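Student: Taken in sequence, the protein lines are chains W and Z. At position 139 of the first sequence (counting the first as 1) the number is 151 in the numbering used here, and the numbers step up by one without a gap. At position 159 of the second sequence (counting the first as 1) the number is 519 in the numbering used here, and the numbers step up by one without a gap. Below: one structure in structure tokens.
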Amino acid sequence: MTLPRMEALLGLLVAALLVLAALSTPWMKFVLTIALAKGIAVLGILLLLRAGQVSFGHALYVAIGAYSVAFLAPSIPDAALLLPAAALVATLAGALIGLFVSRYREIFFGMLNLALSMVFYSMLEKFYHLTKGTDGIRVPPLTAAGMTLDRVTFEWTVFATALVLALAFGAFARAYLLSPMGEALGAIKTRETRLEFMGVSPRRVLLSAYILSAMMAGCAGALVAMTTRHVTPLLSYWTASGELVFIAILGGAGGVLGPFLGAIAYELVRVYAAATVADMWQMILGAVLLLVILFARGGIWGLLSARAGKGAGA
Amino acid sequence: MSALLDARGLRLAFGGVKAADGIDLSVMAGEFLAIIGPNGAGKTTFINMATGYLRPQAGTITYDGAEITGRPPREIVRRGIARSFQLPQLFSEHTVEQNIALAIASRAGIFSPLAPLLRPAWREEGAELLERFGLLPVARQRADALNEGTRKLADIAMAVALKPRLLLMDEPTSGVAASEKMAVVETLVRVLRQAGVTAVFVEHDMDVVERFADRVAVWSQGRIAALGPPAEVLADPAVQRDVIGIARHA
Ligand SMILES: Nc1ncnc2c1ncn2[C@@H]1O[C@H](COP(=O)(O)OP(=O)(O)OP(=O)(O)O)[C@@H](O)[C@H]1O
Ligand SMILES: [Mg+2]
């Protein structure tokens, strides 16, 4: 079985399981919507990882997406318009910032992204009259494509949107990675100068992926805002970016399903750990990361696909 | 015949080392020009300057009537000059096939919205190139798993995939097993002649030079010490003593 086919089948299977799980309890639906949103943001990070670049600041675009929803909601109180609007704002921000950061590599790339996300965090905190500072902004009830829905139906709508977007972005990312543009990302990682000698601008290759990743993170932010109905500067705090990178490693960078498996595992463990051993959550997180790095470099996806590969071979 | 590439008075020093110390050279359209000379003579430096990797401190390089001195590699490639490397520069995590495919896509424009439509044609072209270079058996192997000679061939195939008018090859046969060398060069020359490519190649094997070069330029300490048909130049006692003797034992 080819990798894209295996991913498609597993992806649909996971989607079906998520729907069942979301039906079980309302809080599960909430947790899984957030997990799907984060998975979409991490998918963007995965594209950059292909080029060997780690962004420690991508929460910036999640926050931009979320705050776009919060700022625009009073004038455009419809989710079907707010989502693309938020994606557009994040994409433009990604294009502008990308022009600058795509000149840098490795630690400089990572730290520049971190720095910019922290600048945005401080701005959200400081401009109280606009952003209400650390209190954050409440998102008013929204309509969906002109329809006024009750709370539960609206939540289901957001969940379904997140699921459909996750599948669509997953399929898109797979096609992208298999295209020459995606292969050129891997070339940046191993021998960037040769690309120059083939007439290709590595910067442009990275910039394209960067803009896509910003767009995905922006969508994620919009979904988070519509789910939590409350946005705060913490969305852009450096730990939020770290969380995304953590999920990327936990889920595994080898396939487009990894980010979603990682995000689901992360959110579920977090909820259960918070409920049972509240003060040990950070320790569990650290231990899991250690285990993944030591014993399962390919993350959850790596473990799964190795197993599937063995099954297919037998 | 007219000059396709014209270098005038190229100078470049690294600290006290004069890697190019007044290089004047015209490469004629359609010819195969060999560059020979001892280690450190500045052969690679010349290629680096001609492809925009290094900017000469003085002098000019003209290609096809336009000055290209100090232009970036990307622009120079698009004008039709490709190169291969003394140390193969492959995308180590990609397969041989993917390396070649990426070169073909680069030439055709990976940013082009038409890319998906062109892919079947690219795939065919890639298969043909792999076949010509005898790389089919290793097509699915990762580039970092190949032996030196095979990596060299893949490196050259990538440059050829760019369909250049002028191809600069830095020691194309080093690392290729002695028993296969002549066959490899023969194939390469056939491919290039068919496509009407002008070629400059740095070479340490005088048999290859004698057989395949129309002219040979002898590099020595950043200068061109002799230039002419192989039969004449290689017979020159000074060249024999200073270059061939040294190069053969280097
Ligand atoms: N980027 C560089 N920085 C410093 N010195 C350099 C650089 N490139 C070349 N040199 C020096 O310039 C001189 C010419 O080097 P070059 O690589 O052009 O020689 P070459 O003729 O290709 O030798 P070889 O046969 O060993 O490949 C050498 O002394 C080399 O050390
Ligand atoms: Mg050299």
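Ideal Cβ placement from N, Cα and C applies to all residues, glycine included. These numbers come from a predicted model, not from an experiment.
With DSSP as the reference, please indicate the residues paired to serine 213/W in a beta bridge.
Tutor: Note: serine 213/W sits in no beta bridge, so no partner.
Student: List the whole-angstrom C-beta distance separating valine 387/Z from valine 569/Z, where the pair is believed to meet the contact cut-off of C-beta under 8 angstroms.
Tutor: The Cβ separation is near 16 angstroms, so there is no contact.
Student: Work out the CA separation of glutamate 118/W and alanine 607/Z for me, nearest whole Å.
Tutor: The pLDDT assigned to alanine 607/Z is 49, lower than 50, so where the model puts this residue is not dependable; a value taken from the coordinates is nonetheless given after this. Going from the Cα of alanine 607/Z to the Cα of glutamate 118/W covers about 41 angstroms.
Student: Relative to ligand 1, what is the chain-ordered list of residues with a Cβ closer than 5 angstroms to any of its non-hydrogen atoms?
Tutor: Residues with a Cβ closer than 5 angstroms to any heavy atom of ligand 1, in chain order: Phe374/Z, Val377/Z, Ala379/Z, Asn399/Z, Gly400/Z, Ala401/Z, Gly402/Z, Lys403/Z, Thr404/Z, Thr405/Z.
Student: Below 8 angstroms between beta carbons is the criterion; list the residues of the segment 192 to 215 of chain W that meet it against any residue of chain Z, in chain order.
Tutor: Hits within the stretch, in order: Pro192, Met193, Glu195, Ala196, Gly198, Ala199, Lys201, Thr202, Arg203, Thr205, Arg206, Leu207, Glu208, Phe209, Met210, Gly211, Val212, Ser213.
Student: Would DSSP call leucine 364/Z helix, strand or coil?
Tutor: In this structure, leucine 364/Z counts as strand in the three-state DSSP scheme.
Student: Restricting to Cα atoms, I'd like to know which of Val289/W, Val300/W, Met295/W is closest to alanine 277/W.
Tutor: Comparing Cα-Cα distances from alanine 277/W to each of Val289/W, Val300/W, Met295/W, the minimum goes to Val300/W.
Student: Would you say alanine 324/W lies against chain Z (beta-carbon separation less than 7 angstroms)?
Tutor: Note that alanine 324/W has pLDDT 47, beneath the 50 cutoff, so the model's placement of it is unreliable and the number below is only indicative. Alanine 324/W does not count as touching chain Z.
Student: Return the first residue and the last residue of the alpha helix (DSSP H) that glycine 77/W is part of.
Tutor: Counting along the chain, the alpha helix (DSSP H) containing glycine 77/W begins and ends at 71 to 84.
Student: Any beta carbon of chain W sitting closer than 7 angstroms to that of glutamine 581/Z?
Tutor: With 7 angstroms as the cut-off, glutamine 581/Z does not count as an interface residue toward chain W.
Student: Tell me whether the segment 96 to 106 of chain W and the segment 73 to 86 of chain W touch, counting them as touching only if at least three CB pairs, one residue from each stretch, are closer than 8 angstroms.
Tutor: Contact holds: three or more Cβ-Cβ distances are below 8 angstroms.
Student: Quick check: is the beta carbon of arginine 525/Z nearer than 7 angstroms to any beta carbon in chain W?
Tutor: No, arginine 525/Z lies away from the interface with chain W (no Cβ there is under 7 angstroms from its Cβ).
Student: Can you determine whether any heavy atom of ligand 2 sits closer than 6 angstroms to the C-beta of glutamine 446/Z, and answer yes or no?
Tutor: Yes, since a heavy atom of ligand 2 falls inside the 6 angstroms radius drawn around the Cβ of glutamine 446/Z.
Student: So, at 7 angstroms on beta carbons, what are the nonlocal neighbours of alanine 573/Z in its own chain, with the 5 sequence-adjacent residues on each side left out?
Tutor: Cβ neighbours of alanine 573/Z beyond the five flanking positions: Phe392, Leu393, Ala394, Pro590.
Student: So, using beta-carbon positions, are alanine 156/W and alanine 49/W closer together than 7 angstroms?
Tutor: Taking 7 angstroms as the Cβ cut-off, alanine 156/W and alanine 49/W do not qualify as a contacting pair.
Student: Let me check understanding here. Comparing Cα to Cα, which of Thr405/Z, Gly494/Z, Pro398/Z, Leu365/Z lies closest to alanine 373/Z?
Tutor: Nearest of Thr405/Z, Gly494/Z, Pro398/Z, Leu365/Z to alanine 373/Z, Cα basis: Thr405/Z.
Student: For arginine 431/Z and leucine 72/W, what's the separation of their Cα atoms in angstroms?
Tutor: Roughly 37 angstroms separates the two Cα atoms.
Student: Regarding leucine 219/W and ligand 3, is the C-beta to nearest heavy atom distance less than 6 angstroms?
Tutor: Ligands displayed in this structure: ligand 1 and ligand 2; ligand 3 is not among them.
Student: Please report the distance separating the alpha-carbon of leucine 111/W from that of serine 220/W.
Tutor: Approximately 10 angstroms, taken between the alpha carbons.
Student: Give a yes or no on whether 7 angstroms exceeds the smallest Cβ distance from leucine 462/Z to chain W.
Tutor: Answer yes: the Cβ-Cβ gap between leucine 462/Z and chain W drops below 7 angstroms somewhere.
Student: Hey, isoleucine 296/W and glycine 263/W: beta-carbon distance below 7 angstroms or not?
Tutor: Contact flag unset, no.
Student: Is there a C-beta anywhere in chain W that falls below 7 angstroms from the one on phenylalanine 406/Z?
Tutor: Chain W, which has no Cβ nearer than 7 angstroms to the Cβ of phenylalanine 406/Z, makes this no.
Student: Ordered along the chain, which non-local residues of its own chain (more than five positions away) have a Cβ less than 6 angstroms from that of valine 557/Z?
Tutor: Excluding positions up to five away in sequence, the list reads Leu527.
Student: Going by DSSP, what residue range makes up the alpha helix (DSSP H) through alanine 537/Z?
Tutor: Segment: none, alanine 537/Z is in no alpha helix (DSSP H) and carries neither H nor E.
Student: From the beta carbon of isoleucine 446/Z, is the nearest beta carbon of chain W less than 7 angstroms away?
Tutor: Residue identity check: residue 446/Z is glutamine in the sequence provided, not isoleucine. No - not a single Cβ of chain W is within 7 angstroms of the one on glutamine 446/Z.
Student: Mind checking which residues open and close the beta strand (DSSP E) that includes threonine 14/W?
Tutor: Threonine 14/W -> no beta strand (DSSP E), and no H or E assigned at all.
Student: Rounding to the nearest angstrom, what Cα-Cα distance links threonine 169/W and leucine 22/W in this structure?
Tutor: Roughly 23 angstroms separates the two Cα atoms.
Student: Between the segment 484 to 504 of chain Z and the segment 412 to 423 of chain Z, do at least 3 Cβ pairs fall closer than 8 angstroms?
Tutor: The segment 484 to 504 of chain Z, when compared against the segment 412 to 423 of chain Z, does not touch it at the 8 angstroms Cβ threshold.
Student: Does the beta carbon of arginine 438/Z sit closer than 7 angstroms to a beta carbon anywhere in chain W?
Tutor: So, interface residue.
Student: Do you know offhand how far alanine 234/W's Cα is from serine 80/W's?
Tutor: Roughly 7 angstroms between the two C-alpha positions.
Student: Using beta-carbon positions only, say whether valine 236/W and isoleucine 149/W come within less than 7 angstroms of one another.
Tutor: No, the Cβ-Cβ distance between valine 236/W and isoleucine 149/W is not below 7 angstroms.
Student: I believe arginine 368/Z touches aspartate 384/Z by the beta-carbon criterion, under 8 angstroms. Please report the beta-carbon distance rounded to the nearest angstrom.
Tutor: Indeed, because the Cβ distance is near 6 angstroms, the residues count as touching under 8 angstroms.
Student: Could you tell me if methionine 292/W is buried or exposed, where buried requires 16 or more neighbouring beta carbons within 10 angstroms of its beta carbon?
Tutor: It counts as exposed.
Student: Just list the residues that DSSP pairs threonine 420/Z with in beta bridges.
Tutor: Bridge partners of threonine 420/Z: Arg368/Z.
Student: What are the start and end residues of the beta strand (DSSP E) that includes methionine 388/Z?
Tutor: First-last of the beta strand (DSSP E) with methionine 388/Z: 377 to 388.
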